[in-house]
Amino acid sequence: MRADDRHSASRTSALAALLAIIAATFLGWNLFSHAIEPPPMDGQLYGVTYAPYGKDQDAMAFGIAKERAALSDDAGAKAAVLQHGPRREQIERDMRTLAGRVRYVRTYSALDGIEEVPKIADQYGLKVVAGSWVYDHVGVTNDQRGRLEFYQRLTDREIAALIRIANANPNVERVLVGNETVLRGEISTKRLIEYIRQVKKNVKVPVSTAEPWHVWLDHPELVREVDYIAVHILPYWDEGAGKDGPMAYLKDKIGKLRESYPNKNIVVTEVGWPSHGASRIGHDQGGTGVKTASPAEQARQVRSAVAWLREQKIDHFVIEAFDQPWKSRDLEGMAGGYWGLWDADRQQKFDWTGPVTVFGAWWKLALWTLALALPVFGLFLWTMRNIRFAGQVAFGGVSALAGAGMVYAGYVAAGTYMVWYQVLGWLLLMAFLLASLAMVLAQALELADTIWRRRWVRAIPPARDVLASLPAIRRWPKVSLHLAICNEPPAMVKETLDSLAALDYPNLEVIVIDNNTRDPAVWRPVEEHCQQLGPHFRFFHFDVMKGFKAGALNHVLKETAPDAEIIGVIDSDYVVRKDWLKALVPQFDDPRIGYVQAPQDHRDWRDDRFKEMLQWEYAGFFDIGMCLRNEYDALIQHGTMTLVRRSLMEELDGWATWCITEDTEFGLRSMERGYSAAYSRERFGQGLTPDNFSGYKKQRFRWAYGAMQILKGHWRSLVSNGTKLTFWQKYHFATGWLPWFADALNVVFTLAGLVWAFGALVPIVPPLAPLGAALTWLASLVGAEGLVGNALSPMMAAKDWGTLPLPPESFVVPTLALFVFKLVYSFALYGARVNCSLRQSIGAAFAGLSLTYTVGRAVIYGLLTSKLPFIRTPKMDSRATLGRAVAMARDEALIAVALWLAAIGVWLGKGTIDPEARLWAVLLVVQSLPYVAALYVSLVNALEQMRQSRALVIPAPAQPVAAEATVPLAAGD
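Here the sequence shown is numbered in our numbering, starting from 237 and rising by one per residue.
Okay, here's the thing in structure tokens:
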């Protein structure tokens, strides 16, 4: 295909992908929307409950501050009283809003300005059921501040005010003494009856008290004292409302009250449904059901309840007129603040008649999703023109899903009433979600660029093609191969040296340097073997060598033959192919090439499940990541199977001794100077895998720690134009280590998740009222007590130790989705690029997952510290027991157990009524998988070594020999 044709096809493909993503985005959001039409709520509503607090006020903080101001000279409390007390202008505005829409308003208190409600309501043609608050007489002790007397006096004032209100306002047609007082156990039934009798004696209107249905059924003595039964029926809260539905629950409770008290008038003084909050699980005769809180569900349940109560001619009050955000923080969890027919900004939340659209804002969210996704997707289409249509759609789909995740989290946040510290918490969660989605987009780009790339242009051809294309006569530059060893088994090193001696290359020297090996029995056999291999093999030994491997290699540079032009470095366990140098040295004919890298590979895994897992985990990096990075000339150099131009090594002053991954650091430095690198996917050498899980972890810890050293040492080069690094080199070096940062975040959030789960089950949040008072007192020293008191007033309501709320579902679901994406990403890349079976790719996934905690710790240590001793990866260590296996994964096993216990605790402790708690429990189990994988891999390692040990000690079966054929052996046979 001609270039023009390719460009035209590419543009057509990009446009088709763009249109497909736009259409899929609108279609996807639209799937969550549909219309319902519950019974109409036409005409005037009978009544609503009313609390005169605005969006910026907190009734609980007001009550606590009122107590503190009355009992002490607390400037902050006085400021909070002014901030959170009812305001006449607010009441007037609310009554104006309710006028013509409802007939009755129910209040809960008779003091602090609420006594003005009947007068103001009368101006707008509204009638009132007035209430008085009855304060806690049981849970309050008569301490040094006289709190018990304070609350008793306050209750007496409430009762007196209720009597005055009822007698002074003709529009007050009923009164209520207390609200759910018996339910909360705040006073005895006997004392409540005394208050009721006191009010009945002094007013001419019907008197009752408001309680849930079961309190009335349990206390017939209370029923006898009241003029009507004022009942609360709220199926959202009751675990007894399940699959049969809220309406069946409402009808059942009214039926039971009518059956028990046929001659008593029933008034439903609270019935309603929240528009926001956690879903709840209920159980009834029909089975288990889930109750959700949403604007559409509120419309369905409220309209259905009102229609039935009207049909039954039962007076009723919908809870409540206006949302009360303070309840979400202080009393009832998230749902508590969202029971209003109008929101806290006094906007009506749903239509009272006609159809109601479920998730009517879907198109706005679709537009916002595209606003976030299309710039990213458009940039991808513009820059990545070598990607086929399927890859374009795949990346566009991930971009849209990532945008949708951010938009939905923002949508939930925008619909949530929050104070400053809650805003801060959401911002932190949003930052975590944004960082996670950025990592997903980087991986989605790798996925599309790897699987659906049209052409690979920089790969070195296979060795057979290179050798076949070489001229009969050519100049072969001298290669000096460097082998640094430390306490390595002599037999293993000899095998490596023998393979180097067999190299088919005409101009070669090999230098071995043994450093920091104190036992001559370990290093002298290697020295003798070098002597046997001839003058091209030289050996050096140092009991002490600073700089570890980098220091040793730098010393060898000084001993390198003056005419050597290429330096090669291999590990002490590698057996190389004869054609290694002839296949790769020709790459240096290009003067821009600074180094040539071949993959790591291993030869000892075929009869060992543990080593097989490691082999294919390593292979994923060399067959996927390195191949793609090579296309952008952004290779990571490795300290084995690497060839480097000597002039470059001298230009860069050798290997960096400050970094424990000196090879990767050197590769980055060479690119900063403008040199290129070349990569062959072909395996030219094979080494040994770590023999045990501990060695595997130490090796990866060293790599991750070294990566952090490199980032700290070179971050300016990655964010500036002060070097010759290209954009794509910077990108791949920065994003190549993102999965390791994700592992660090995993460790942090695992520990945070454990604390959060514990805090959701056990009260660990301390009472903040003393802290708020202390901060306000400090502010009073500089005259800022009013400002600070207002800001901290929500803290004043926290009198008791509390539990943490569960994390929002809008963050838990994306987190689980990220885990699913990571699985799809991993297996898709392995299936496309790595020549292994599905079983082997699953084993590789377990091996990689098992290193999550190790890598996470290494990243954190690397960011917080500057030096770490060099950790060599031991080879040929086959000691194993099950106990040792558990010890090698001890930390991971303990964390896994803790996560499982936390998941069980959350499921049993909160999951019986809260489906979001079950979701959180599932997330805890998912978080445990890397730690379970570590224990599993370690146990596989131990079992394999034990199996192989048994195979070594089982004698071979004796061969049957005829008796007459037996002859004595000669001496020395």
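Quick reminder that beta carbons are idealized off the backbone N, C-alpha and C, glycines included.
Model, not experiment: these values are computed from the prediction.
Per-residue burial, residue i [other beta carbons within 10 Å of its own, 16 or more giving buried]
i, result
"E273", "exposed"
"N752", "buried"
"V643", "buried"
"R433", "exposed"
"A1207", "Bear in mind that a pLDDT of 32 at A1207, under 50, signals an unreliable position, so the model cannot answer this."
"R774", "buried"
"S424", "exposed"
"F553", "buried"
"E1180", "buried"
"S1185", "exposed"
"A705", "One detail in the question is off: residue 705 reads as Ser in this sequence, not Ala. Counting Cβ neighbours within 10 Å, S705 comes out exposed, since fewer than 16 surround it."
"N403", "exposed"
"P1043", "buried"
"R1228", "Examination of residue 1228 is not possible in this model, given that the chain is present from 237 through 1209 alone."
"V984", "exposed"
"S1102", "exposed"
"N266", "exposed"
"W656", "exposed"
"H270", "exposed"
Alpha carbon of residue i to alpha carbon of residue j, nearest angstrom
i, j, result
"F298", "I517", "33 Å"
"Y497", "V451", "13 Å"
"T925", "E724", "14 Å"
"V612", "S635", "7 Å"
"E303", "E416", "21 Å"
"Q1195", "F902", "Any reading at Q1195 must be qualified, since the residue scores a pLDDT of 46, below 50, and its modelled position is unreliable; no value is offered."
"G942", "R711", "38 Å"
"D859", "K479", "53 Å"
"M1182", "W841", "15 Å"
"D463", "V507", "20 Å"
"L557", "T524", "The sequence shown places Ala at residue 557, not Leu. Cα to Cα, the separation comes out at about 31 Å."
"Y574", "N438", "36 Å"
"D809", "L1135", "39 Å"
"L1087", "A602", "38 Å"
"V676", "L904", "25 Å"
Secondary structure of residue i, DSSP reduced to three states
i, result
"S716", "strand"
"N751", "strand"
"S511", "coil"
"G283", "strand"
"A1207", "Reliability fails at A1207, whose pLDDT of 32 lies under 50, so the model's placement of it is uncertain and the value that follows must be treated cautiously. A1207: coil per DSSP, three-state reduction."
"W575", "coil"
"R1186", "helix"
"G336", "coil"
"S1102", "coil"
"A446", "strand"
"D581", "coil"
"K527", "strand"
"E1200", "Residue confidence is low: E1200 scores 35 on pLDDT, short of 50, so the model does not pin down where it sits. No coordinate-derived value is stated."
"M1032", "With a pLDDT of 47 at M1032, under the threshold of 50, the predicted position of this residue should be treated as unreliable, though the coordinate-derived value follows. Correct three-state label for M1032: helix."
"A477", "coil"
"H968", "helix"
Beta-carbon spacing of residue i, residue j below 8 Å
i, j, result
"T686", "R936", "no"
"P835", "R917", "yes"
"W992", "L1052", "no"
"I1131", "T986", "yes"
"L347", "A397", "yes"
"A819", "V702", "yes"
"R539", "W588", "yes"
"V370", "Y431", "yes"
"L683", "A253", "no"
"A914", "V832", "yes"
Test: residue i CB closer than 8 Å to a CB of chain C
i, result
"L997", "Going by chain labels, chain C is absent from the structure shown, which holds only one protein chain."
(message) If we require 4 or more residues per run, which alpha helix (DSSP H) segments fall completely within the segment 903-956?
(response) Taken in chain order, the whole alpha helix (DSSP H) runs of length 4 or more contained in the segment 903-956 are 929-955.
(message) As an exercise, report each continuous alpha helix (DSSP H) stretch of at least 4 residues that is fully enclosed by the segment 356-439, in chain order.
(response) DSSP runs (the alpha helix (DSSP H)) wholly in the segment 356-439: 383-404, 417-420, 425-438.
(message) Suppose only complete runs of 4+ residues qualify. What are the alpha helix (DSSP H) ranges in the segment 724-784, listed by chain order?
(response) 726-737, 756-769
(request) Pick out the complete alpha helix (DSSP H) segments inside the segment 526-560, 4 residues or longer, and give them in chain order. (result) 531-547
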